[in-house]
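>
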Amino acid sequence: MSYFYRDYHDGPDPLAPPYDVRAALDEMGDAVLSGSTPLDALRDLLRRGLPGAPDRRGLEDLLRQVRRRRRELREGTRLDGTLERARALLDKAIGQERAELQGESEGRGESGDSADDARFREAMLDALPSDTARAVRELAGYDWRSAAARRTFEELRDLLRREVLDSRFRGMRDALANPDPAAMEQVRQMMSDLNDMLDRDARGEHTQDDFDQFMRKYGDMFPENPRNLDELVDQLARRAAAAQRLLASLTPEQREELAGLIDHTLEQAGLAEQMSRLGDALHARRPDLAWGTPERVSGERPTEMGDAVTALQELADLGDLESALRQDYPGARLDDVDEEAVRRALGRSAVDDLASLRQVERELEAQGYLRRNRGKLELTPKAVRRLGETALRRVFSSLESGRRGDHDQRDAGTAGEPTGSTRQWRFGDEQPIDVVRTVVNGVRRGGGAPVALSVDDFEVVETERRSAAAVCLLVDLSYSMALRGTWAAAKQTALALQALAASKFPQDAVQIIGFSNYARVLRPDELAGLEWDTVQGTNLHHALLIAGRHLDRHPDFEPVVLVVTDGEPTAHLMRNGAPRFEWPPSQETLTLTLAEVDKMTRRRATINVFMLAADDRLREFVDEVARRNGGRVFSAGADRLGEYVVSDFLRARRTR
1129 MSYFYRDYHD GPDPLAPPYD VRAALDEMGD AVLSGSTPLD ALRDLLRRGL PGAPDRRGLE
1189 DLLRQVRRRR RELREGTRLD GTLERARALL DKAIGQERAE LQGESEGRGE SGDSADDARF
1249 REAMLDALPS DTARAVRELA GYDWRSAAAR RTFEELRDLL RREVLDSRFR GMRDALANPD
1309 PAAMEQVRQM MSDLNDMLDR DARGEHTQDD FDQFMRKYGD MFPENPRNLD ELVDQLARRA
1369 AAAQRLLASL TPEQREELAG LIDHTLEQAG LAEQMSRLGD ALHARRPDLA WGTPERVSGE
1429 RPTEMGDAVT ALQELADLGD LESALRQDYP GARLDDVDEE AVRRALGRSA VDDLASLRQV
1489 ERELEAQGYL RRNRGKLELT PKAVRRLGET ALRRVFSSLE SGRRGDHDQR DAGTAGEPTG
1549 STRQWRFGDE QPIDVVRTVV NGVRRGGGAP VALSVDDFEV VETERRSAAA VCLLVDLSYS
1609 MALRGTWAAA KQTALALQAL AASKFPQDAV QIIGFSNYAR VLRPDELAGL EWDTVQGTNL
1669 HHALLIAGRH LDRHPDFEPV VLVVTDGEPT AHLMRNGAPR FEWPPSQETL TLTLAEVDKM
1729 TRRRATINVF MLAADDRLRE FVDEVARRNG GRVFSAGADR LGEYVVSDFL RARRTR
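Every position in the sequence shown, counted from 1, becomes a number in the numbering used here once 1128 is added.
As structure tokens, this is what we get:
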């Protein structure tokens, strides 16, 4: 067996390690913890590109390429190039004919028949309309005296025939480079067979064998090599729509002139009827294309009709591609992006970049981090747990080294619950010795038997005193939190506390309560995608009512109540269950809220308040809460809120 090797040129690196979707989730998590929704976080990730893959472009890079290419096409295309060239050839032919007629008139004298005929022909040329299309139509049967003029006029007709057909069938210009009656007859037969095939397809009688036979016969006329009738229709329809947009983009005078040339050329070629049939069929099959919509171009270089249609076709494709790459419409997904359009516009490398972005989007869902619920993108509980761990790491990384051990309080003796880990013995430790790890350390150090132990070999079992707590975190969701830029910190803090309780204190009953005009309990998987409420009201009264019910359901648990807010209470719950908002706060709102504070005090629940603003009314209110309840007040900046809340929670747990 023989093997041959060559350089690898096409497609992604087959030896590249698989993409770690967790890195993408962590990137999303940074945005979510900063206040973004999961959908916005995913879109930002896809726009920027994938972490750990610097050679892979994001949507923003692809969009920049698309926009640059659109700008190049607009600035490099002038749509009246064929019309301008046709006028030049027509003027040249007429000039050559006039020169011939003038020679005949001067050489034969005034009385000869040829001189009379020459003057008559000169009068005909003088009476030609200024419109190029009508002039060409009137000269179609003219018997040219000048051989040079006849050749120039035939060059004009060949030009129009090639450009008109190339504007509908890409590549036809090259196929008709050498005028040949047989070639034109083949074009007429191709269009007839194509229309017949479309008619059979409309009746449901078309088969793939019919298409394959058509392509074997006329495949050289379709350089894009479509694989089936649908692809062929798509290619022809997009080009026909671009041809219509070309006419619509010209001035009314230019449009009339060029349309006349097109009609005359098709009539002379015997293709008018077949082209009309084809145009109607394509429009019926693809009415969604921008037929007849003008395009603004500003090029200085005249562009021939076929090339201008190609440019407009590419502009339309780039416009659709730009819309898909922006991903700014409801329910947008990368699967909506046409891979073939990317390949045509940006090349194979861009297809690989798109495939990488699609992979991470699919893997985030396939691996259970994202889900779509009624068209809305949500983080799953699995993803929320990971984001909570990230938030918790952020909090602990900001703690001073002297307080770093607060989250992992160790107790002496065997009454605590083993954590599953060990550490080296230190003087004064009373934890039980881990015999197995100690002996293994001695064997590793000295080897052989008997084992001689040293002080450095001893390891102890870490234990942690466990006491159940009923924890209530009350988070302000009012619009002012977003206005003051504190909402992201509050959400990150809630996620960190939830993760801490789940990982270190699983026996605790933790409840997160959000409050604005109403208060409501927030599920753990709801926290990451949570947004502030665009309503008026800070209903701490309702939040304390819900928190009280949570504490009452766990009478044997130690109560812990934490409140995060940036404003004094401005709403309360009325007897009929409806909220009432008043600003400045009414006396009734303050009285009812403080009554709930007194109930918390009777439950032995200390309320610690974390202020995110320094308003005088807020400070007066929280001072009154602290006086009545005995809790503490923290004036925390948004950048250290998580540290304050988690540290206070751990202090309370350690004290209990």
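A virtual CB, placed ideally from N, CA and C, is assigned to each residue, including glycine.
Using a Cβ-Cβ cutoff of less than 6 angstroms, which residues in the same chain neighbour residue 1562 once the five nearest sequence positions on both sides are dropped?
1550, 1587 and 1589.
> Are residue 1373 and residue 1420 touching if we call contact CB-CB under 9 angstroms?
Closer than 9 angstroms, so yes.
> Following the continuous alpha helix (DSSP H) through residue 1380, name the residue where it begins and the one where it ends.
Counting along the chain, the alpha helix (DSSP H) containing residue 1380 begins and ends at 1380 to 1397.
> In its own chain, which residues sit with a C-beta less than 6 angstroms from the C-beta of residue 1388, not counting the 5 before and 5 after it?
Around residue 1388: 1261.
> State the DSSP-derived secondary structure class of residue 1531, mapped to helix, strand or coil.
Residue placement at residue 1531 cannot be trusted, given a pLDDT of 39 that sits under 50; the coordinates are not used to answer.
> Among the residues of its own chain, which have a CB less than 8 angstroms from the CB of residue 1403, if the five just before and after it don't count?
Closer than 8 angstroms at the Cβ level, and outside the excluded window around residue 1403, lie 1296, 1319 and 1394.
> Whose C-beta lies closer than 7 angstroms to the C-beta of residue 1253 among residues of the same chain, with five residues either side of it excluded?
The residues are 1222, 1225 and 1226.
> With three or more C-beta pairs closer than 8 angstroms as the rule, is the stretch 1415 to 1430 touching the stretch 1350 to 1357?
The stretch 1350 to 1357, when compared against the stretch 1415 to 1430, does not touch it at the 8 angstroms Cβ threshold.
> If you pair each beta-carbon of the stretch 1730 to 1742 with each one of the stretch 1699 to 1712, do three or more pairs fall below 8 angstroms?
With the cut-off at 8 angstroms, the stretch 1730 to 1742 and the stretch 1699 to 1712 do not touch.
> So what does DSSP say about residue 1323, is it helix, strand or coil?
DSSP places residue 1323 in helix when its eight states are reduced to three.
> Go ahead and pull the three-state DSSP assignment for residue 1683.
Of the three classes helix, strand and coil, the one that applies to residue 1683 here is coil, per DSSP.
> What's the C-alpha gap between residue 1738 and residue 1195?
Near 48 angstroms, if we compare the C-alpha coordinates of residue 1195 and residue 1738.
> Taking just the CA atoms, how far does residue 1468 sit from residue 1359?
The alpha-carbon atoms of residue 1359 and residue 1468 are separated by roughly 11 angstroms.
> Can you look up residue 1501 in the DSSP assignment and give me helix, strand or coil?
In this structure, residue 1501 counts as strand in the three-state DSSP scheme.
> Within the same chain, show all residues whose beta-carbon is closer than 6 angstroms to that of residue 1210, passing over the 5 residues directly before and after it, in chain order.
Answer for residue 1210: 1291, 1432 and 1433, listed in chain order.
> Are the beta-carbon atoms of residue 1363 and residue 1405 separated by less than 9 angstroms?
No. Outside cutoff.
> Just the C-alpha distance for residue 1741 and residue 1159, rounded to the nearest angstrom, thanks.
Each residue's alpha carbon lies about 24 angstroms from the other.
> Near residue 1567, which residues of its chain fall below 7 angstroms by C-beta distance, leaving aside the five closest residues on each side in sequence?
Cβ neighbours of residue 1567 beyond the five flanking positions: 1579.
> Could you please give the first and the last residue of the uninterrupted beta strand (DSSP E) stretch that includes residue 1456?
Here residue 1456 belongs to no beta strand (DSSP E), and DSSP marks it neither H nor E.
> Report the three-state DSSP secondary structure of residue 1239 (helix, strand or coil).
Reliability of the predicted coordinates at residue 1239 is poor, the pLDDT of 48 falling under 50, and the value obtained from them is presented with this limitation in mind. In this structure, residue 1239 counts as coil in the three-state DSSP scheme.
> Would DSSP call residue 1434 helix, strand or coil?
If DSSP states are grouped into helix, strand and coil, residue 1434 belongs with the helices.
> Please confirm whether residue 1184 and residue 1466 have their CB atoms less than 9 angstroms apart.
The answer is no: Cβ separation not under 9 angstroms.
> On a CA-only basis, which of 1600, 1722 and 1707 is nearest residue 1679? Give me that one, please.
Comparing Cα positions, the closest option is 1600.
> Ordered along the chain, which non-local residues of its own chain (more than five positions away) have a Cβ less than 7 angstroms from that of residue 1397?
Result list for residue 1397: 1289 and 1312, in chain order.
> Rounded to a whole number of angstroms, what is the C-alpha to C-alpha distance between residue 1346 and residue 1390?
Distance between the alpha carbons of residue 1346 and residue 1390: 23 angstroms.
> Around the C-beta of residue 1156, are 16 or more other C-beta atoms found within 10 angstroms, so that it is buried, or is it exposed?
Buried, by the Cβ-count rule.
> Which of the three DSSP states, helix, strand or coil, is assigned to residue 1537?
Because residue 1537 carries a pLDDT of 37, less than 50, the predicted location of this residue cannot be relied on, and no value is offered for it.
> Give every residue of the same chain whose Cβ lies closer than 7 angstroms to the Cβ of residue 1229, excluding the five residues on either side of it in the sequence, and list them in chain order.
Cβ within range, chain order: 1246, 1249, 1250 and 1273.
> Per DSSP, what kind of secondary structure is residue 1509 in: helix, strand or coil?
In the structure shown, residue 1509 sits in a helix (DSSP, three-state: H, G or I).
> Where do the ends of the beta strand (DSSP E) carrying residue 1707 lie?
Segment 1707 to 1709, the beta strand (DSSP E) holding residue 1707.
> Between the alpha carbons of residue 1745 and residue 1505, how many angstroms are there, rounded?
Rounded to the nearest angstrom, the two C-alpha atoms are 40 angstroms apart.
> Where DSSP assigns a beta bridge to residue 1737, which residues make up the other side?
Bridge partners of residue 1737: 1691 and 1761.
> Comparing C-alpha positions only, which one of 1718, 1582 and 1193 sits nearest to residue 1446?
Per the Cα distances, 1193.
> At which residues does the beta strand (DSSP E) containing residue 1642 begin and terminate?
Unbroken beta strand (DSSP E) run through residue 1642: 1637 to 1643.
> Ends of the alpha helix (DSSP H) at residue 1564?
Counting along the chain, the alpha helix (DSSP H) containing residue 1564 begins and ends at 1563 to 1574.
> For residue 1135, which of helix, strand or coil comes out of DSSP?
In this structure, residue 1135 counts as coil in the three-state DSSP scheme.
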